[in-house]
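*Asks:* Under the UniProt record's numbering, the first residue of the sequence shown carries the number 1, and numbering increases by one thereafter. Note that the Cβ used here is the ideal one computed from N, Cα and C, for glycine as well. Mind having a look at this structure? Questions to follow.
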Amino acid sequence: MQAPARRGHGRAASGHERRQGIVRRSTKGPLDAEDVIVDDPLAAPPTRPDAAPQPPPPQQQQHNIPPARAIDDMPSKDFSFMQDPQAYHVLPVTNVPPPFLNAPHAPPVSSPIDSLLYSGHYRLAAIAAARNLVSAAPGDHDTLFHLVHVRLACLCLLQEHALAAQESKVLGDLASAFYRHPLTNAHLVPWELRLLVVRLAALGYGEWRKGIMGYYELARECRENIVRGPESEKKLWRSRLRDCGIRVANVLVEMGDLEGAGRHLSTLAADEEQTREIALMETLVWLRVGHVQAARRCLARASEASPDELIDGTLNALLELANSDYQAAVTSLQALREKFSDDAMVAQNLAVCLLYTGRISDAKNILNDLVDTSPPFHSLILNLSTVFELCTERNRDKKLALAEKLASRKEGAGDVGWELTNAEFKL
1 MQAPARRGHG
11 RAASGHERRQ
21 GIVRRSTKGP
31 LDAEDVIVDD
41 PLAAPPTRPD
51 AAPQPPPPQQ
61 QQHNIPPARA
71 IDDMPSKDFS
81 FMQDPQAYHV
91 LPVTNVPPPF
101 LNAPHAPPVS
111 SPIDSLLYSG
121 HYRLAAIAAA
131 RNLVSAAPGD
141 HDTLFHLVHV
151 RLACLCLLQE
161 HALAAQESKV
171 LGDLASAFYR
181 HPLTNAHLVP
191 WELRLLVVRL
201 AALGYGEWRK
211 GIMGYYELAR
221 ECRENIVRGP
231 ESEKKLWRSR
241 LRDCGIRVAN
251 VLVEMGDLEG
261 AGRHLSTLAA
271 DEEQTREIAL
281 METLVWLRVG
291 HVQAARRCLA
301 RASEASPDEL
311 IDGTLNALLE
321 LANSDYQAAV
331 TSLQALREKF
341 SDDAMVAQNL
351 AVCLLYTGRI
361 SDAKNILNDL
371 VDTSPPFHSL
381 ILNLSTVFEL
391 CTERNRDKKL
401 ALAEKLASRK
411 EGAGDVGWEL
421 TNAEFKL
């Protein structure tokens, strides 16, 4: 299909260059597969003769409301280059267990995007976002950016980072003057979408240094707004600056430079409320490095700033586990479970510790109970699948039965995805 024609003088002269994707090394595209769920941005959404879906619960109204830009007198610009159907790909289904592709209670793709996000149906939300993108008004940049953000975020939640990185190229160079308001110089693209595009450059293509440079460029913008911006916005920009610093540490972790990430976190300035958060991040990083003493120091600093019995107790148990003191870790987590019986994190960590001590049956029972009583999350399914492999040679049947059980759920939860992949089930 031909790209939409330019309209009048609404776009800068550099727009054509921005449309041409930067030449990168080849990335494996989506696999051609027989789609159970129709995933075509050009396809008309299926009509339903019955009543329209009920509006989503109040909690979900905060999830994906397009941000108000509050920029008056916005000259008309043509964003139709974001509506090219060829820029949005059919999602591969080869990495999804069959029960999730034929789920009896899956909502229709025509459901409101907010309700799909709230129920954790990220695949359907990604499909719906692409369909709405190609049919939106070319000048409605708020809606277009919101839908692109939903699409890319859902692909990341589906572990399709390479595909998301490829589709993010439809935006071109976000540093271009085209994305600036000609009168106020304010950036038209929402901050969260800009952060996601930088992350995709690092994670989707493995270009870690480019990701770090992207975060530093955003940090420079934060500092400029802190110095020159109105007093009412300085707190927001300080928060964004700190967030950029944390994201740099995250890229260092993904690069495998754990020690560098720990040192970087220790340099971040923080007020009293943020001291504990950053200290906990340092604790986890040093735990991954294996530097138990440094992890203990960071945890002690976090506890001194603002103690939390659940979090601090769990991390202390993990420190005991890191020292190979499995029985002490089991004892600590059992005590926590008596106080916080509904906490899935404590229960799963206890199951892992029991697994290390050879109590496989007890670990299996705890993980099975978690599947029935809490929304399933990635590490829970992975650990339970590992236990199946340790318990029986017919573990594949057990895994498929678990997939069918989870796919038969009537509703999901917005804090975890409804769909799970073959990787979680170790299929």
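Using DSSP with H/G/I as helix, E/B as strand and the rest coil, what is H149?
*Replies:* As a working mapping, residue 149 is identified with position 149 in the sequence shown. Three-state DSSP puts H149 in a helix.
*Asks:* Applying the 10 Å Cβ sphere with the 16-neighbour rule, what's the burial state of A390?
*Replies:* Looking up residue 390 in the sequence shown gives position 390. It should be noted that the sequence gives Leu, not Ala, for residue 390. Flag for L390 reads exposed.
*Asks:* Quick check: what's the CA-CA separation for R209 versus V330?
*Replies:* Residue mapping note: residue 209 aligns to position 209 of the sequence shown, counting from 1. Residue mapping note: residue 330 aligns to position 330 of the sequence shown, counting from 1. If you take the alpha carbons of R209 and V330, they lie about 41 Å apart.
*Asks:* Starting from the C-beta of M281, find all residues in its chain whose C-beta is less than 6 Å away, skip the five residues before and the five after it, and write them out in chain order.
*Replies:* On the sequence shown, residue 281 is found 281 positions in, with the first residue counted as 1. Excluding residues within five positions, the ones whose Cβ falls inside 6 Å are L265.
*Asks:* Which partner residues of R180 appear in the DSSP bridge assignment?
*Replies:* Indexing the sequence shown from 1 puts residue 180 at position 180. Paired residues: H187.
*Asks:* Could you compute how far the alpha carbon of P58 sits from the alpha carbon of D325?
*Replies:* Numbered from its first residue, the sequence shown carries residue 58 at position 58. Numbered from its first residue, the sequence shown carries residue 325 at position 325. Bear in mind that the predicted position of P58 carries a pLDDT of just 42, short of 50, making it unreliable; the figure below should be weighed with that in mind. Their backbone Cα atoms lie some 46 Å apart in a straight line.
*Asks:* Can you give the Cα-Cα distance for E224 and V93, rounded to whole angstroms?
*Replies:* Within the sequence shown, residue 224 is the residue found at index 224, counting from 1. Within the sequence shown, residue 93 is the residue found at index 93, counting from 1. Looking at the two C-alpha atoms, the distance is approximately 45 Å.
*Asks:* How would you write the range of the alpha helix (DSSP H) that R394 sits in, first residue to last?
*Replies:* Locating residue 394 in the sequence shown gives position 394, where the first residue counts as 1. Per DSSP, R394 belongs to no alpha helix (DSSP H) and is neither H nor E.
*Asks:* Taking 8 Å as the threshold, find out whether the region 193 to 200 comes into contact with the region 146 to 156 through three or more Cβ pairs.
*Replies:* Yes, they touch.
*Asks:* Assign V253 to buried or exposed, taking buried as 16 or more other Cβ atoms, counted over all protein chains shown, within 10 Å of its Cβ.
*Replies:* The residue labelled residue 253 in the question sits at position 253 within the sequence shown. Counting Cβ neighbours within 10 Å, V253 comes out buried, since at least 16 surround it.
*Asks:* If you follow the alpha helix (DSSP H) that A165 is part of, which residue opens it and which one closes it?
*Replies:* By 1-based counting over the sequence shown, the position of residue 165 is 165. First-last of the alpha helix (DSSP H) with A165: 161 to 168.
*Asks:* Which word fits E419, buried or exposed, when buried means at least 16 other C-beta atoms lie within 10 angstroms of its C-beta?
*Replies:* Within the sequence shown, residue 419 is the residue found at index 419, counting from 1. It counts as buried.
*Asks:* May I ask which residues mark the beginning and end of the alpha helix (DSSP H) holding E254?
*Replies:* Here residue 254 refers to the residue found at position 254 when the sequence shown is read from its first residue. Looking at the DSSP string, the run of the alpha helix (DSSP H) that includes E254 is 231 to 255.
*Asks:* What residue range does the alpha helix (DSSP H) around H121 cover?
*Replies:* Residue numbering aside, residue 121 sits at position 121 when the sequence shown is read from its first letter. Here H121 belongs to no alpha helix (DSSP H), and DSSP marks it neither H nor E.
*Asks:* Pick helix, strand or coil for N323, following the three-state DSSP scheme.
*Replies:* The residue given as residue 323 occupies position 323 in the sequence shown. Of the three classes helix, strand and coil, the one that applies to N323 here is coil, per DSSP.
*Asks:* With DSSP run on the structure shown, which of helix, strand or coil describes V96?
*Replies:* In the sequence shown, residue 96 corresponds to position 96, counting from 1. Residue state, collapsed to three classes: coil.
*Asks:* How far does the alpha helix (DSSP H) with L91 in it reach, from first residue to last?
*Replies:* As a position in the sequence shown, residue 91 is number 91, starting the count at 1. Looking at the DSSP string, L91 is not in any alpha helix (DSSP H), and its letter there is neither H nor E.
*Asks:* Out of curiosity, what's the CA-to-CA distance linking R337 and L203?
*Replies:* What you label residue 337 is simply residue 337 of the sequence shown in a count that begins at 1. What you label residue 203 is simply residue 203 of the sequence shown in a count that begins at 1. Each residue's alpha carbon lies about 36 Å from the other.
*Asks:* Nearer than 7 Å: is that true of the beta carbon of A305 relative to any heavy atom of the ligand MN?
*Replies:* Questions concerning the ligand MN fall outside what the structure shown contains, since it holds no ligand whatsoever.
*Asks:* How is S385 classed by DSSP in three states: helix, strand or coil?
*Replies:* Residue 385 sits at position 385 when you count from the first residue of the sequence shown. DSSP places S385 in helix when its eight states are reduced to three.
*Asks:* To the nearest angstrom, how far is it from the Cα of T357 to the Cα of Q327?
*Replies:* As a position in the sequence shown, residue 357 is number 357, starting the count at 1. As a position in the sequence shown, residue 327 is number 327, starting the count at 1. The straight-line gap from Cα to Cα measures roughly 7 Å.
*Asks:* Exposed or buried, which one is S77 when buried takes at least 16 other CB atoms within 10 Å?
*Replies:* Counting from one through the sequence shown, the residue named residue 77 turns up at place 77. Before going further, note that residue 77 is Lys rather than Ser in the sequence given. By the neighbour-count rule (16 or more Cβ atoms within 10 Å), K77 is buried.
*Asks:* State the Cα-Cα distance for the pair Y122 and L116, rounded to the nearest angstrom.
*Replies:* Taking the first residue of the sequence shown as position 1, residue 122 is located at position 122. Taking the first residue of the sequence shown as position 1, residue 116 is located at position 116. Y122 and L116: Cα-Cα distance of roughly 7 Å.
*Asks:* Buried or exposed for G290, please, with buried defined as at least 16 other CB atoms from any protein chain shown within 10 angstroms of its CB.
*Replies:* Along the sequence shown, read from residue 1 onward, the residue named residue 290 stands at position 290. Burial call: exposed.
*Asks:* Alpha carbon to alpha carbon, what distance is there between L380 and N323?
*Replies:* Residue mapping note: residue 323 aligns to position 323 of the sequence shown, counting from 1. Residue mapping note: residue 380 aligns to position 380 of the sequence shown, counting from 1. Between N323 and L380, the C-alpha separation is close to 23 Å.
*Asks:* For the candidate residues A125, W237, N368, whose alpha-carbon lies nearest to that of V109?
*Replies:* Here residue 109 refers to the residue found at position 109 when the sequence shown is read from its first residue. If we check each option's Cα against that of V109, A125 comes out closest.
*Asks:* Helix, strand or coil, according to DSSP, for V289 in the structure here?
*Replies:* Locating residue 289 in the sequence shown gives position 289, counting from the first residue. Reduced to three states, the DSSP call for V289 is helix.
*Asks:* Please state the DSSP three-state secondary structure of K210.
*Replies:* By 1-based counting over the sequence shown, the position of residue 210 is 210. If DSSP states are grouped into helix, strand and coil, K210 belongs with the helices.
*Asks:* In angstroms with no decimal places, state the Cα-to-Cα distance between R359 and A302.
*Replies:* By one-based count along the sequence shown, residue 359 stands at place 359. By one-based count along the sequence shown, residue 302 stands at place 302. The alpha-carbon atoms of R359 and A302 are separated by roughly 33 Å.
*Asks:* Does the Cβ of N349 have 16 or more other Cβ atoms within 10 Å, making it buried, or fewer, making it exposed?
*Replies:* To locate residue 349, count along the sequence shown from 1; it is residue 349. By the 10 Å Cβ count, N349 comes out buried.
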